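J.:
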Amino acid sequence: MTASVQQPVLPALEQWSNVDNDGFFNAWRWNRYKAYLERTGLESGCDIDAIWPQIKDAKSILDIGSGFGRVIEHLRARGYKGHITAIEKCSHMVDFLKKRWSHDAKVQIIHGDILKVIPMQKFDVGLWMWSGIADFNPIEQTKLIQQFGRSCGALVVDVACHITHPIGTILSNNTYQHRMADTILCGYLPTRLDMEFYCRKSKFVELMNKQYFTAGKIDRVMHQLRVV
Ligand SMILES: C[S@@+](CC[C@H](N)C(=O)[O-])C[C@H]1O[C@@H](n2cnc3c(N)ncnc32)[C@H](O)[C@@H]1O
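Going by our numbering, the residue at position 76 of the sequence shown is 76; the numbering climbs one at a time, nothing skipped.
#1: Applying the 10 Å Cβ sphere with the 16-neighbour rule, what's the burial state of E38?
#2: With V107 and I61 assumed to form a contact (beta carbons below 8 Å), what rounded beta-carbon distance in angstroms separates them?
#3: To the nearest whole angstrom, what separates the beta carbons of V125 and M222, a pair I think is in contact under 8 Å?
#4: When you compare each of Q224, R226, L225 and Y212 to T40 by their alpha carbons, which one comes out closest?
#5: Would you mind stating whether M129 and D194 have Cβ atoms separated by less than 8 Å?
#6: Heavy atom of ligand 1 less than 7 Å from the Cβ of N18, yes or no?
#7: Do Y188 and A134 come within 8 Å of each other at the CB atom, strictly closer than that value?
#8: Consider the C-beta atom of S131 and the heavy atoms of ligand 2; say whether any pair is separated by less than 7 Å.
#9: Assuming A215 contacts S44 under a Cβ cut-off of 8 Å, what Cβ separation, rounded to an integer in Å, is found between them?
#10: Do the stretch 48–67 and the stretch 81–88 meet, that is, are 3 or more Cβ pairs less than 8 Å apart?
#11: Would the beta-carbon of F68 fall within 8 Å of that of Y36?
#12: Tell me which residue opens and which closes the alpha helix (DSSP H) that S91 is part of.
#13: Determine the direct distance from the alpha carbon of V228 to that of T175, and round the result to whole angstroms.
#14: What does the Cβ neighbour count give for H162, buried or exposed, with the cut at 16 atoms within 10 Å?
#15: Which term fits L75, buried or exposed, when burial requires 16 or more other beta carbons within 10 angstroms of its beta carbon?
#16: Let me confirm a value: E14 is counted as buried when at least 16 other C-beta atoms fall within 10 Å, else exposed. Which label applies?
#17: Using the Cα positions of D63 and F96, report the straight-line distance between them to the nearest angstrom.
#18: Less than 8 Å separating the beta-carbons of E88 and H111?
#19: For M93, count neighbouring Cβ atoms within 10 angstroms of its own Cβ and tell me buried if that reaches 16, exposed if not.
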């Protein structure tokens, strides 16, 4: 008898939300994470290099959707000495982060869903890297940018310029649904116009957006927002 893999039911293209991605991230173990990282070319921390002059003197940084802590690794490797608060929804990644950073009193790990848990502290900078914003639908993205406008003095939002998911991904404009084994990843890649809209709805203004290339020669854009 052959074991069959239960295919997930895809939500209607315009009706997904962040919670539909829970299965994908819960199954996202270190090997799969590394494979994705290599494909994007972000392993070297070229995104952190691209923003380093603007963040190196921040006293506190909020790492939004920290995953296995790639951003924390690159910040500390470049000599960042300030406080880092990482928030992550997935319990196995949180366990990993707590063990990895237990020696560093200036790294705080929060297990929580950013749609529900709002850290009480204020942060100089929020870092929302590796298209983390795309894991939320446009309504959730609007709400979260408003929320970060209340807790972060500045926000960096890093997104891919193009959808780079494999063949078989369902696409409609900037929305995608990608199957991975028995899980799905739904996403919405915000455009520059979307970012302008989110800023108008929040306390942020966009200072600049900077295009850069990863080691894999994939073009990405970094939006730098600041509270006015
Ligand atoms: C693309 S990964 C980015 C990882 C990391 N920021 C980096 O740049 O390497 C997105 C991360 O956001 C987390 N995430 C997704 N939805 C979340 C939510 N609602 N609250 C907190 N974390 C969430 C996922 O579990 C995943 O680890």
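No residue lacks a Cβ here, since even glycine has one placed at the ideal position from N, Cα and C.
Bear in mind that the values here come from a model prediction, so they are computed numbers and not experimental data.
T.: The short version:
#1: exposed
#2: Not really, about 10 Å apart at Cβ, beyond 8 Å.
#3: Contact flag wrong, Cβ pair sits at about 13 Å.
#4: Y212
#5: no
#6: Shortest gap from the CB of N18 to any heavy atom of ligand 1: under 7 Å.
#7: By the CB criterion at 8 Å, A134 and Y188 fall inside the cutoff.
#8: The ligand content of the structure shown is limited to ligand 1, which means ligand 2 is not among them.
#9: 5 Å
#10: yes
#11: Against a cut-off of 8 Å, the Cβ pair of Y36 and F68 comes out as no contact.
#12: S91 to R100
#13: C-alpha separation (whole angstroms): 30 Å.
#14: exposed
#15: buried
#16: The residue in question, E14, is exposed, as its Cβ has fewer than 16 Cβ neighbours within 10 Å.
#17: 15 Å
#18: Less than 8 Å divides the Cβ of E88 from the Cβ of H111.
#19: buried
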